[in-house]
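Structure record follows, encoded as structure tokens.
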Amino acid sequence: MIAYDITPIDLHGHLFNVSLTIEQTNDEQELWLPNWIPGSYLIRDFSKHIIGLHAESNGHSLAVKQISKNRWQLARSKHPVTVHYQVYAWDLSVRSAYLDQFQGFFNNTSLCLAVEGQTDLPCELHLHAPPEAPLWKVATGMPRKNGQAHSWGCFRADNYDALIDYPFLMGDLTIEEFIAHGIKHSLVLSGRHYADTPRITADLAKICETQISLFEEAPFQSYTFLTMVVGNGFGGLEHRNSTALLCSRKDLISAHQYEMNDNYQTFLSLCCHEYFHSWNIKTLKPQAFLPYQLEKESYTEQLWFYEGMTSYFDDYLLHTSGIIDEKRYLKLLGDTLSRVERGAGQYQQSVTESSFLAWTKFYQQNENAPNSIVSYYAKGALIALSLDLMLRLQSEHKLTLARVMKELWHEFGKTSIGTADDTVINWLNQYPGIDVSDFLKDALYNKESLSLVELLQNFGVMVQKQVPVDDNSVGGKTSDQPARINFGAKYKASAQGLDVLNVYHDESAYHAGLSAGDKVIAIDHLQVTEQSVKRILERYIPGDTVTIHAFRRDELMTLELTWQEPAKSSYVLSVEQPDKLKGWLTPSD
1 MIAYDITPID
11 LHGHLFNVSL
21 TIEQTNDEQE
31 LWLPNWIPGS
41 YLIRDFSKHI
51 IGLHAESNGH
61 SLAVKQISKN
71 RWQLARSKHP
81 VTVHYQVYAW
91 DLSVRSAYLD
101 QFQGFFNNTS
111 LCLAVEGQTD
121 LPCELHLHAP
131 PEAPLWKVAT
141 GMPRKNGQAH
151 SWGCFRADNY
161 DALIDYPFLM
171 GDLTIEEFIA
181 HGIKHSLVLS
191 GRHYADTPRI
201 TADLAKICET
211 QISLFEEAPF
221 QSYTFLTMVV
231 GNGFGGLEHR
241 NSTALLCSRK
251 DLISAHQYEM
261 NDNYQTFLSL
271 CCHEYFHSWN
281 IKTLKPQAFL
291 PYQLEKESYT
301 EQLWFYEGMT
311 SYFDDYLLHT
321 SGIIDEKRYL
331 KLLGDTLSRV
341 ERGAGQYQQS
351 VTESSFLAWT
361 KFYQQNENAP
371 NSIVSYYAKG
381 ALIALSLDLM
391 LRLQSEHKLT
401 LARVMKELWH
411 EFGKTSIGTA
421 DDTVINWLNQ
431 YPGIDVSDFL
441 KDALYNKESL
451 SLVELLQNFG
461 VMVQKQVPVD
471 DNSVGGKTSD
481 QPARINFGAK
491 YKASAQGLDV
501 LNVYHDESAY
511 HAGLSAGDKV
521 IAIDHLQVTE
531 QSVKRILERY
541 IPGDTVTIHA
551 FRRDELMTLE
561 LTWQEPAKSS
571 YVLSVEQPDK
581 LKGWLTPSD
């Protein structure tokens, strides 16, 4: 048994106190902390937040030597050893740990050292109340050994791998429970909010019911949505029977809002996405993740499947569960299509390359990302859409992508076999009358656009390319006032000018010599601000040349910019033949 005692010891100083007790140590016992957390593919070096690590055994100090950035070695001891340290927690995200006088959150990848050679042993985690906030509530999916529900106490995990898959949320929590498919679920909120929790839990129940019905069973006995509510934020991370979420206050619909809106839809889509991961990455996963190698990168070409499929189903299941109508769903599809098509990235990188290089390129995007990389989330979702439609066409709706996902999970996930790079293609080849291999190989390994227009027409959906209102507004919605000219850059407008965020290759800003990080302060010798930019841009037509004044660092530049034709970068989807939607977006007769 490996035992951890954790106390939020200093709320103002953002410190957790951790004690690790090892009953029996090996000679020159080593301890280590993960360098990344499953589901977030970036080396984060959590060990840099450990402070004052020391050890004792049999009442005496025991020597400890740090041997790498995340590993320590204990001196030999014949007696049980206790290791003490503190962890600085000031990362308000779903990936690490956070603590202040209002709430606390942690993943055990940030707090709990692994004991080399003993990671298969059962673990106990004793969570103690902070002296300043003894009445805080506690929420987690980790099985409880003692203590009242939502209180401090002792928790248990089968091994270290399980231990790090149970995040904890503490504070003045709002906790709402609901039942879906006979399974208890909980919505937990921390932070100030005005949420209509009965409506939210009712909608979550629809989502959960739909997904469990899809797979025919759940890989958990209970489930918790751990949600940190902030003024402006977004994020989610999947776990074996819970998800950690960060959402903006506006994304939680209030009691006085009756109609579905984009913000609330964003929150539900996030929940749907992370919940789908319970099957698609938490149990069904790449063979490269069996087991996780938590001290170094684990490379796989398959994130297009695990994130792309999930990204397709997160919106699609909102529709099939009855939460959003077909118009809203097609708007979301248009948004995804627009994001993929706007930049040149998909012509520079395949989705399998994007998956493999997630550690360096996708998770460390720079200002040139639109020109150099493709999102395995977004393009993966379009590949999933294409597959779903092709399977339906070739089988007269007898075979769907949902059925394929269910059967893959039962064959390779529930059995913990895992998937190889060619598993999906080989699996699809087994279905009589189905021929998608050439499409899938091209989509995964080539660097080109997907042909979705004709495919969608087979289901009565028309795709139109339209000009957005400006370079910042690419999406799946028709613009009432489309842009007259193309600036060729994303920017953030302020009272001081336009901060250039991304410059698109071979467009107006690129040819003028503007770069990300520049601040445009004047166009044709007139100051440009968030109040005046729209008015200024309406004065010109393609072919006009203007003088641009901009700062790069502290140097003033004078540049010449010729406006180009605006790009038709918004993809607007609409229903042209409603009868063809049957089986995909409307129920079959």
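Start counting the sequence shown at 1; every next residue gets the next number (UniProt numbering).
Positions of the beta carbon are idealized from the N, C-alpha and C atoms, including for glycine.
Predicted model only: the values in this text are computed from it and were never measured.
Taking Cβ positions, are residue 299 and residue 356 nearer each other than 8 angstroms?
With a cutoff of 8 angstroms on beta-carbon distance, residue 299 and residue 356 are scored as near each other.
Just reading off the beta strand (DSSP E) that residue 123 is part of, what are its end residues?
123-127 is the span of the beta strand (DSSP E), which, as asked, contains residue 123.
Might you give, ordered along the chain, the residues of its own chain that have their beta carbon closer than 6 angstroms to the beta carbon of residue 452, omitting 5 neighbours on each side?
The beta carbon of residue 452 sits closer than 6 angstroms to no other beta carbon from its chain once the five residues preceding and following it are set aside.
Where residue 94 sits in the DSSP three-state scheme:
Residue 94 falls in the coil class under three-state DSSP.
Should residue 15 go down as buried or exposed, given a rule of 16 or more other Cβ atoms within 10 Å for buried?
By the neighbour-count rule (16 or more Cβ atoms within 10 Å), residue 15 is buried.
Output needed for residue 100: all residues of its chain with C-beta closer than 7 angstroms, excluding positions within five of it in sequence on either side, in chain order.
Closer than 7 angstroms at the Cβ level, and outside the excluded window around residue 100, lie 11, 14.
Output the distance between the C-alpha atoms of residue 436 and residue 285, rounded to the nearest integer angstrom.
C-alpha separation (whole angstroms): 22 angstroms.
Name the one or two DSSP bridge partners that residue 51 has.
Per the DSSP secondary-structure output, residue 51 pairs in a beta bridge with 86.
Note down, in chain order, each residue of its chain lying with its Cβ closer than 7 angstroms to the Cβ of residue 143, except the 5 sequence neighbours on either side.
Hits under 7 angstroms: 155, 156.
Run through DSSP, which three-state label would residue 61 get?
If DSSP states are grouped into helix, strand and coil, residue 61 belongs with the strands.
If you draw a straight line from the C-alpha of residue 473 to the C-alpha of residue 498, how long is it?
One C-alpha to the other measures close to 15 angstroms.
Helix, strand or coil at residue 477 according to DSSP, with G and I counted as helix
Note: residue 477 maps to coil in three-state DSSP.
In angstroms, rounded to a whole number, what distance separates the CA positions of residue 6 and residue 389?
Straight-line Cα distance between these residues: approximately 50 angstroms.
In the structure shown, what three-state DSSP assignment does residue 215 receive?
Residue state, collapsed to three classes: helix.
Cα-Cα, which of 210, 173, 510 is closest to residue 194?
Per the Cα distances, 173.
Relative to the alpha-carbon of residue 331, which residue among 577, 376, 253, 573 has its alpha-carbon at the smallest distance?
The residue with the shortest Cα to Cα distance from residue 331 is 573.
Is it buried or exposed for residue 590, if we count other Cβ within 10 angstroms and need 16 for buried?
Nothing can be reported for residue 590: it is not among the residues displayed for the chain, which extend from 1 to 589.
Closest Cα partner of residue 216 within the set 338, 180, 251, 131:
The residue from 338, 180, 251, 131 with its alpha-carbon nearest to that of residue 216 is 180.
Return the chain-ordered list of same chain residues with a C-beta closer than 6 angstroms to the C-beta of residue 567, the five sequence neighbours on each side being excluded.
Same-chain partners within the cutoff: 486.
Measure the Cβ-Cβ separation of residue 488 and residue 504 and say whether it is below 8 angstroms.
Yes, Cβ-Cβ distance for residue 488 and residue 504 is below 8 angstroms.
In the structure shown, what three-state DSSP assignment does residue 204 receive?
Helix at residue 204.
Could you pull out every residue in the same chain whose Cβ sits closer than 6 angstroms to the Cβ of residue 580, ignoring the five residues on either side in sequence?
So the qualifying residues of the chain are 459, 460.
Does the separation of the CB atoms of residue 373 and residue 364 fall below 8 angstroms?
The Cβ-Cβ distance between residue 373 and residue 364 does not fall below 8 angstroms.
Per DSSP, which one or two residues make a beta bridge with residue 8?
Bridge partners of residue 8: 16.
Answer with buried or exposed for residue 638, where buried requires no fewer than 16 other C-beta atoms within 10 angstroms of its C-beta.
There is simply no residue 638 to check, as the chain begins at 1 and stops at 589 in what is shown.
For residue 424, which of 287, 41, 536, 141 has the nearest alpha-carbon?
That would be 287, whose Cα lies nearest to the Cα of residue 424.
Opening and closing residue of the beta strand (DSSP E) in which residue 146 lies:
Note, residue 146: beta strand (DSSP E), 144-146.
Whole-angstrom C-beta distance between residue 345 and residue 370, which should lie under 8 angstroms
The pair is a contact, with the Cβ atoms about 6 angstroms apart (cut-off 8 angstroms).
In chain order, what residues of the same chain have a beta carbon less than 6 angstroms from the beta carbon of residue 240, not counting five sequence neighbours either side?
Cβ-Cβ distances below 6 angstroms link residue 240 to 165, 282 in the same chain, with the five nearest sequence neighbours on each side left out; the list follows chain order.
Are residue 382 and residue 450 close, meaning C-beta to C-beta below 8 angstroms?
Here residue 382 is near residue 450, since their CB atoms are less than 8 angstroms apart.
Whole angstroms is fine: what's the gap from residue 354's alpha carbon to residue 447's?
Rounded to the nearest whole angstrom, the CA to CA distance from residue 354 to residue 447 is 11 angstroms.
Could you give the first and the last residue of the continuous alpha helix (DSSP H) run that contains residue 354?
351-356 is the extent of the alpha helix (DSSP H) around residue 354.
How many angstroms separate the CA atom of residue 123 from the CA atom of residue 254?
If you draw a straight line from the Cα of residue 123 to the Cα of residue 254, it is about 40 angstroms long.
Less than 7 angstroms between C-beta atoms, sequence neighbours within five positions excluded: which residues of the same chain meet that for residue 392?
Within the same chain, and ignoring the five residues on either side of residue 392 in sequence, the residues whose Cβ sits closer than 7 angstroms to its Cβ are 400, 583, 584.
Alpha carbon to alpha carbon, how far is residue 269 from residue 510?
Straight-line measurement puts the Cα of residue 510 at about 35 angstroms from the Cα of residue 269.
Classification of residue 1 by the beta-carbon crowding that lies within 10 angstroms, buried from 16 upward:
Around the beta carbon of residue 1, a 10 Å sphere encloses fewer than 16 other beta carbons of the protein chains shown; the residue is thus reported as exposed.
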